[in-house]
Structure formats: structure tokens, C-alpha cells
Amino acid sequence: MRKGKVIAVAGKGGTGKTAIAALLIRELLKSKGNENICVLAVDADADSNLPDSLGISYDKTVGDIREGLLEEKQQDTTLDIRTQFECKIAEIVVEEERYDLLVMGRPEGPGCYCPVNHIIRMIIDILTKNYDYTIIDCEAGLEHLSRRTTRDVDVMLVVLDTTLKSIKTALRLKKIAEEINIEVKNLINIANKIPSGIEKMIREEAKRYGLEIEEIIPFDPLIPEYDFKGIPIVDLPDDALSVAAVRRIAERIR
Ligand SMILES: Nc1ncnc2c1ncn2[C@@H]1O[C@H](COP(=O)(O)OP(=O)(O)OP(=O)(O)O)[C@@H](O)[C@H]1O
Ligand SMILES: [Mg+2]
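This is how it looks when you write it as C-alpha cells:
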């Protein structure tokens with residue numbers, strides 16, 4: 000059985016997690032030698048934006064079927080839990096030509112015992128093995144990390160921008176990852192939306208706080224333009240500033 004790589008994109012709200020997750024999926028699929036890979040995209044943000052960035056629509060979320068997903072009384076005793084989980088999830092996975100998408104949706108509502116984080120853990124434990132890559136677009140902040148849902152993530156991309164707040168969130172993510180001993184084998188800090196000419200300053204500023212910035216994605220005027228016009232980010236031209244930078248990251252982690 001395939002043991003896929005799990006990549007989580009985390010960081011402060013609005014730093015560009017979704018845009019980076021979408022472009023990463025695109026660039027992984029486009030990489031030489033990756034012609035036949037299977038990718039699972041997971042939108043783990045309750046305010047689901049990843050489908051728009053990928054230009055696809057979806058019908059149901061995990062939130063919509065969550066009550067039946069883990070309740071033992073509804074389970075078929077002839078099947079093991081793993082198979083039942085896979086069957087239920089398979090019903091709501093959006094199958095695109097080159098990848099699958101799973102939208103977590105909203106965890107709240109009547110009958111909620113907040114299993115969403117538990118389900119993400121199950122996805123990592125069970126589903127990711129069916130794919131070469133799983134890319135998780137995390138909810139803003141620290142929720143997923145602090146609940147150990149990302150304990151077996153292979154690569155954690157921590158996105159920050161030019162705000163001090165985002166540097167602080169990145170530092171907290173790093174600390175939590177260390178504290179709860181998450182097996183994040185590779186934690187990469189990415190500064191996104193960086194205007195040309197201030198790269199060095201951003202690196203130095205982050206370093207003052209003890210944060211090493213490993214990758215920089217430039218401010219790309221096409222991203223807000225596409226967002227505003229409702230054009231999927233994945234349709235950006237190959238030579239767009241942001242695309243070239245994400246391609247470098249895809250090469251690094253693949
Ligand atoms: N490299 C970039 N250059 C210019 N604008 C960008 C870039 N990356 C993202 N943006 C813009 O920043 C905003 C936030 O991006 P995005 O939605 O991807 O962030 P997010 O971290 O997923 O936000 P949220 O926490 O709300 O999910 C969007 O308006 C997007 O157009
Ligand atoms: Mg987002």
C-alpha cells in the first residue's frame with residue numbers, strides 16, 4: 000500500500016494559506032515525473048474557500064454526514080471501522096480528473112460533539128494512504144495543531160505575511176509543534192505577499208523573533224485580481240510571480 004506524504008498549510012488568517020494550497024496542488028500535479036500521482040485536497044477550514052481557488056464545486060461536506068460517520072449504532076458490524084469510514088467518505092469526495100477533494104465544512108450544529116478534529120485524524124490515519132499526496136488547507140490559527148490532529152503531518156507549511164501578528168502565530172505554531180511532539184518532519188516557514196525589495200528586511204525581522212523564513216512568495220497582483228473576478232487561482236499563468244515561487248516549494252517537498 001502506498002504511504003502518501005501529508006502536507007498541511009497553516010498560519011494566521013488571511014496570510015494566503017488557501018492560495019498556496021491551491022497552487023501547490025497544481026504544481027505537484029504538473030511536476031515532471033508526477034504524471035500519474037493521486038492527490039487528495041482537504042479543505043479543513045469551516046469557511047471553505049479551497050474549492051473556489053481550485054475552480055470546482057462540491058455538494059456535501061464531512062460536516063453534513065458527520066453524525067453518521069462515527070456513530071457506532073449506525074455501523075455495519077460486518078465491515079471494519081476503517082472500511083466503513085472509507086465508504087462513507089467516498090460518498091462525498093469530489094473526484095476531479097487528477098485529484099480528489101474533501102471539504103470538512105462546519106463542525107457546529109445540533110448533535111455536534113465536535114468530531115471534526117477526530118475525523119481529520121482519521122483521514123490522516125486512513126485515507127492518506129490511498130494517495131501520493133494529501134494537502135490540508137488548515138483553519139486559521141492553532142486549532143488543528145493544539146488538538147494533535149496534525150500529529151503525523153510530514154510537511155507543515157507555516158504561512159506568514161508582512162504583519163507582526165503573523166510572525167507571532169508562526170512562532171506559536173512552532174512552539175506547539177515542539178511541545179506536543181508532533182511528528183512534523185519538516186516545518187517550513189513561508190513569507191507570502193512580500194513586495195519586491197523588502198525580502199531581506201522580512202527575513203531579518205523574523206529572525207529577530209527567532210523565526211527562520213525559508214521561502215518567500217512575492218506579492219502577486221494577479222492573485223487579488225483573480226480572487227476579485229472569481230477566477231480560480233489555479234488558472235494563473237505559468238509565469239505568474241506566485242506560481243514560480245510555489246513551484247520551487249513543490250520541488251522542495253515532493
Ligand atoms: N502572493 C500573493 N500576492 C498577493 N495577494 C495574495 C497572495 N496570496 C494571497 N493573496 C491574497 O490574500 C488574501 C488572503 O488569501 P487566502 O484566502 O489564500 O488566505 P488564507 O490564509 O487562506 O485566509 P483564511 O485564513 O481566511 O482562510 C486574498 O485576498 C488573496 O487574494
Ligand atoms: Mg483560507
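Residue numbers (numbering that gives the first Met the number 0): 0 to 253.
We put the beta carbon where it would ideally sit given N, CA and C, even for glycine.
Check whether the Cβ atoms of residue i and residue j sit closer than 8 angstroms, and answer yes or no.
i: Val102; j: Asp51; result: no
i: Val245; j: Ile19; result: yes
i: Asp151; j: Ile119; result: no
i: Glu90; j: Ile125; result: no
i: Ile64; j: Lys29; result: no
i: Leu27; j: Asn33; result: yes
i: Lys16; j: Val242; result: no
i: Leu170; j: Leu210; result: yes
i: Ala176; j: Lys11; result: no
i: Ile230; j: Ile212; result: no
i: Ala21; j: Gly104; result: no
i: Ile135; j: Asn185; result: no
i: Ile166; j: Tyr208; result: yes
Excluding the five sequence neighbours on either side, which residues of its own chain have a C-beta within less than 8 angstroms of the C-beta of residue i, listed in chain order?
i: Ser195; result: Pro217 and Phe218
i: Thr60; result: Ser47, Ile91, Val102, Met103, Gly104 and Arg105
i: Lys164; result: Lys11
i: Tyr112; result: In this predicted model, Tyr112 has a pLDDT of only 43, less than 50, meaning its place in the structure is not dependable enough to derive any value.
Please confirm whether any heavy atom of ligand 1 lies closer than 7 angstroms to the CB of residue i.
i: Asp219; result: yes
i: Asn188; result: no
i: Val242; result: no
i: Ile216; result: yes
i: Lys192; result: yes
i: Ala12; result: What sits at residue 12 in the sequence shown is Gly, not Ala. Indeed, a heavy atom of ligand 1 lies less than 7 angstroms from the Cβ.
i: Ala239; result: no
Can you name, in chain order, every residue of its own chain whose Cβ lies under 7 angstroms from the Cβ of residue i, other than the five neighbours on each side?
i: Gly3; result: Thr127, Lys128, Tyr130, Asp131, Tyr132 and Thr133
i: Val93; result: Ile55, Tyr57, Asp99 and Leu100
i: Asp153; result: Lys4, Val5, Ile6, Lys184 and Asn185
i: Arg25; result: Val233
Enumerate in chain order the residues of its own chain whose CB-to-CB distance from residue i is below 6 angstroms, with the five nearest sequence positions on each side excluded.
i: Leu325; result: A query on residue 325 cannot be resolved here, the shown segment of the chain reaching from 0 to 253 and no further.
i: Ile248; result: Glu214
i: Gly13; result: none
i: Arg97; result: Leu28
i: Ala205; result: Ile166 and Ile212
i: Leu240; result: Pro217 and Asp219
i: Glu250; result: none
Alpha carbons only, please: which of the options is nearest the one belonging to residue i?
i: Lys192; options: Ala176, Ile222, Glu138 and Asp238; result: Ile222
i: Ile6; options: Gly13, Gly15 and Leu23; result: Leu23
i: Leu49; options: Asp238, Arg251, Ile252 and Ile232; result: Ile232
i: Lys199; options: Glu178, Thr161 and Thr168; result: Thr161
i: Met121; options: Asp238, Gln83 and Glu95; result: Gln83
i: Asp238; options: Glu95, Pro220 and Leu163; result: Pro220
i: Glu95; options: Ile80, Leu53 and Arg81; result: Leu53
i: His117; options: Gly62, Thr168, Asp79 and Lys164; result: Gly62
i: Cys137; options: Leu172, Lys164 and Arg81; result: Leu172
Is residue i near ligand 2, with its Cβ less than 7 angstroms from a heavy atom?
i: Asn35; result: no
i: Lys16; result: yes
i: Asp124; result: no
i: Asp234; result: no
i: Asn185; result: no
i: Asp226; result: no
i: Asn129; result: no
i: Gly44; result: Looking at the sequence provided, one finds Asp at residue 44 rather than Gly. Under cutoff, so the answer is yes.
i: Asp160; result: no
i: Asp136; result: yes
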